[in-house]
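For the sequence shown, position 91 matches number 91 in full-length UniProt numbering, and the numbering has no gaps at all. Glycine is no exception: its CB is placed at the ideal position from the N, C-alpha and C atoms. Everything below concerns the one structure shown next.
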Amino acid sequence: MQSNPSQTLLARWTHRTNALPRDARDTLFLLGVSLLLMLPLFVHLPWWTSALVLGLLAWRAALAWRSAPLPGRGVLVLILLFSVVITLWDFHTVLGRDAGVALLCVLLGLKTLEMRSRRDAHVLFFLGFFTIAANFLFSQSLGTALVMVLATWGMLAALVNANLPAGRPPLRQSLLTALKMMALGAPAMVVLFMVFPRLSAPLWALPQSGAQAITGLSASMSPGQIAELARDDSVAFRVVFHGPRPPDRELYWRGPVLSVFDNGVWLPNPRQRDRAALSPPADLHLSGPPVRYTVTLQPTQQTFVFALDAPVAAPEIEGYRVQWLPDLQLVTGRPLDHLSRYTVESSPQFRYGPTQFSPALRADEALPAGFDPRSVALGRQLAAQAKAARQGGAFVAQTLLQMFRNQPFRYTLNPGTYGLRDGVDQFLFDRRAGFCEHYAQAFVVVIRAAGIPARIVTGYQGGRFNPVDDTWVVRQSDAHAWAEYWLPERGWVRADPTAAVDPARIDRSGATLASREPLLGVAVLGPRDAALLLQLRNQWDALNNTWNQWVLHYGSQRQLDLLNKLGLHQPDMATLAALAIATLLVATAIGGAFLALERRRHDPWTQTYALLRGKLEQVGIDSEPSTPPRTLAGRIDPARLDADSLPPQSAHAAIALLMQLERWRYAPPVDARQRKTQWAALRQAVRRWR
1 MQSNPSQTLL
11 ARWTHRTNAL
21 PRDARDTLFL
31 LGVSLLLMLP
41 LFVHLPWWTS
51 ALVLGLLAWR
61 AALAWRSAPL
71 PGRGVLVLIL
81 LFSVVITLWD
91 FHTVLGRDAG
101 VALLCVLLGL
111 KTLEMRSRRD
121 AHVLFFLGFF
131 TIAANFLFSQ
141 SLGTALVMVL
151 ATWGMLAALV
161 NANLPAGRPP
171 LRQSLLTALK
181 MMALGAPAMV
191 VLFMVFPRLS
201 APLWALPQSG
211 AQAITGLSAS
221 MSPGQIAELA
231 RDDSVAFRVV
241 FHGPRPPDRE
251 LYWRGPVLSV
261 FDNGVWLPNP
271 RQRDRAALSP
281 PADLHLSGPP
291 VRYTVTLQPT
301 QQTFVFALDA
311 PVAAPEIEGY
321 RVQWLPDLQL
331 VTGRPLDHLS
341 RYTVESSPQF
351 RYGPTQFSPA
361 LRADEALPAG
371 FDPRSVALGR
381 QLAAQAKAAR
391 QGGAFVAQTL
401 LQMFRNQPFR
411 YTLNPGTYGL
421 RDGVDQFLFD
431 RRAGFCEHYA
441 QAFVVVIRAA
451 GIPARIVTGY
461 QGGRFNPVDD
471 TWVVRQSDAH
481 AWAEYWLPER
491 GWVRADPTAA
501 VDPARIDRSG
511 ATLASREPLL
521 GVAVLGPRDA
531 ALLLQLRNQW
541 DALNNTWNQW
551 VLHYGSQRQL
561 DLLNKLGLHQ
571 PDMATLAALA
581 IATLLVATAI
591 GGAFLALERR
601 RHDPWTQTYA
611 LLRGKLEQVG
621 IDSEPSTPPR
631 TLAGRIDPAR
641 LDADSLPPQS
651 AHAAIALLMQ
661 LERWRYAPPV
671 DARQRKTQWA
681 ALRQAVRRWR
């Protein structure tokens, strides 16, 4: 019978690993834990950092496997200098989150090549725990937290293993000890988390710069940008509706409003920021019952707040000041750099904007000279037709939407690249294929050419319902762009050219979307597999939402609500700090007492020594539990003891047993089998004494 090659290879690997010296085995275990705690960081750091760290860990593993000597200090210094230089070249600094964590990972990898003593190992443990905390500077997701719990367990086990006596203690013993330590610390950790004074923003909300700091929609738009974002299936925000949910076709989550067309890029009107206010625009008129809902927004590093058109009032966000812009945007004074939760009321039936033309609208009519001449000519032609028919801007908009609907336009994520100065012309008259931003841009350019104020609005449209926790999940793939044009007596009117080309993109449900799009990138699944994956995905998303609500969003207000329920009404910072310190002291005392009891209960040496001490007390030789065996042996003097109560032979035997117990405490046999046999004999001798 032939053996499986993979099983044979595994058997050889296991045999080879068991044959390694303890130092090599422990080093390989520590390297594995170090790799685990740095893996999530590789997604956020430059490729050269990941490659260098992986190379250093692989080099150290090869040296441990072959029991080869470590490299000299000069080699490590050269690698460190190279890392500092390339960090300066890449980040232009060695400070800050990204540059600092990149150097931290390199230092951890280099320290493994310098691990010659226990002190070096303890420095590596410190770097490892610090790197675990650094992971949360990039992500505080549930997945990251679970990986870091495993990494903490492994690092604690390596620390315990490094402090065990000589010999070859099994790693299982260290893992169990580390697990007990984590279990003992968990209650105190939970209480401290709940009572420790909260800040308005988490400690990991550090300043960030560069493209890596931007998540989701940006404050500008160029053709192809939203199509690229539509491939991102990460969560943008979650919504809980407190009542009936509006139809999908009304779920327009308003974001940046773009009025300036500059060299192929759409930008917001800078004058809007100068007119920010705490109250809604005076020309906003709401009608119909409002819809109330709560949004949990992921960090965006942007200042705009998403809400359904049109909000009744600006929401309150802890740590931020939310203001209105005249174009109906909601913005904050500083970037949203951590998870934010806010409740909004919106009215789907509304009208806003000036009813008469004003100079402020001229910015929404401007077009750059020399761009897209055919599109400009089309706009002027439509304006002439409207004038001949004695119609207004609504006629121009409806005619253009009818053109999108009747002519062979395609809605696609991959339309190719369009020209800078004639991109709209190529889209409208040549290729007729694009994503939502292409349609919105073409609509606005033609409408402006007809002399009608118009602008682009970006945000999200729709979402997907998660039946597990009754939340509405809006992902980056739901990013959308639509248009608004101005009409006298009506103000700003929404127009979505995408709805004319692909109505299913706007009027859909989560189930419809799941049937149209490949789930998780797998297009060959059968109906049962797809349904199972969808259910698993919903379960995981609901779990993430629970994590967000009860852990990441546990701020000062939620803490005060909890303490009020416990009878602490309006506690100040000093009260919270005192409560946290008291909790820590009580937990430390309880934990110390528990460990002492557990050690006395389960430590066979302590039990055996206590048995021998008890027998000696019966013959008049008293001692305390803390008395060392050698000190107790010195109190036994056969010449002075009553031979009837303790014969000299028994006294000498007691002294010998005490000295054996001392040797066992500080220098037990190395071989595990020999240690087990000799210990059984020693315990039996103590039991038989006298």
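N-terminal and C-terminal residue of the beta strand (DSSP E) that residue i is part of
i, result
"P256", "252-258"
"E365", "No beta strand (DSSP E) contains E365, which DSSP labels as neither H nor E."
"L267", "265-267"
"V291", "291-297"
Environment of residue i [buried if 16+ CB atoms lie within 10 Å]
i, result
"F130", "exposed"
"N545", "buried"
"H438", "buried"
"V94", "exposed"
"P21", "exposed"
"T355", "exposed"
"L206", "Residue confidence for L206 is low, a pLDDT of 46 falling below 50, so the modelled location carries little weight and cannot support an answer."
"E484", "buried"
"D98", "buried"
"W324", "buried"
"H338", "buried"
"P497", "buried"
"W89", "exposed"
"H242", "exposed"
"I581", "exposed"
"R673", "exposed"
"D470", "exposed"
"K676", "exposed"
"D364", "buried"
"A680", "exposed"
"H480", "buried"
Inter-residue CB distance, residue i and residue j (contact presumed, cutoff 8 Å)
i, j, result
"F138", "L41", "7 Å"
"A151", "V33", "6 Å"
"G224", "Q476", "That belief does not hold up - the Cβ atoms of G224 and Q476 are roughly 15 Å apart, past 8 Å."
"A64", "A24", "4 Å"
"L658", "L682", "With 8 Å as the limit, L658 and L682 do not qualify as a contact, their Cβ atoms being about 11 Å apart."
"Q407", "R432", "7 Å"
"R321", "G333", "5 Å"
"I79", "L110", "6 Å"
"A386", "F395", "4 Å"
"residue 714", "P246", "The question about residue 714 has no answer, for the chain in this structure spans 1 to 690."
"R690", "S650", "6 Å"
Closer than 8 Å: residue i CB and nearest the ligand ZN heavy atom
i, result
"Q441", "Looking at this structure, you won't find the ligand ZN or any other ligand, since it has none at all."
Residue range of the unbroken alpha helix (DSSP H) whose run includes residue i
i, result
"Q441", "436-449"
"L142", "142-162"
"E94", "Per the sequence shown, residue 94 should be read as Val rather than Glu. Per DSSP, V94 belongs to no alpha helix (DSSP H) and is neither H nor E."
"H285", "Unbroken run through H285 is the beta strand (DSSP E), 284-287; no alpha helix (DSSP H)."
"E662", "648-666"
"R245", "Per DSSP, R245 belongs to no alpha helix (DSSP H) and is neither H nor E."
"I132", "118-135"
"W550", "From DSSP, W550 is part of no alpha helix (DSSP H); its letter is neither H nor E."
"T606", "604-617"
"L393", "Rather than Leu, the amino acid found at residue 393 in this sequence is Gly. Its alpha helix (DSSP H) spans residues 393-406."
"A178", "171-195"
"A500", "497-501"
"P373", "373-388"
"G634", "629-634"
Residues sharing a beta bridge with residue i, DSSP
i, result
"H480", "G459"
"V473", "R238, R464"
"P311", "S346"
"L487", "G491"
"D262", "V265"
"L330", "V305, W324"
"M221", "W266"
"A542", "Looking at the DSSP assignment, A542 forms no beta bridge with any residue, so it has no partner."
"A277", "W324"
"Y352", "L284"
"A433", "R410"
"S340", "L297"
"A454", "Y485"
Run through the segment 14-77 for me and flag every whole alpha helix (DSSP H) of 4 or more residues, listed as ranges in chain order.
-> 22-42, 47-66
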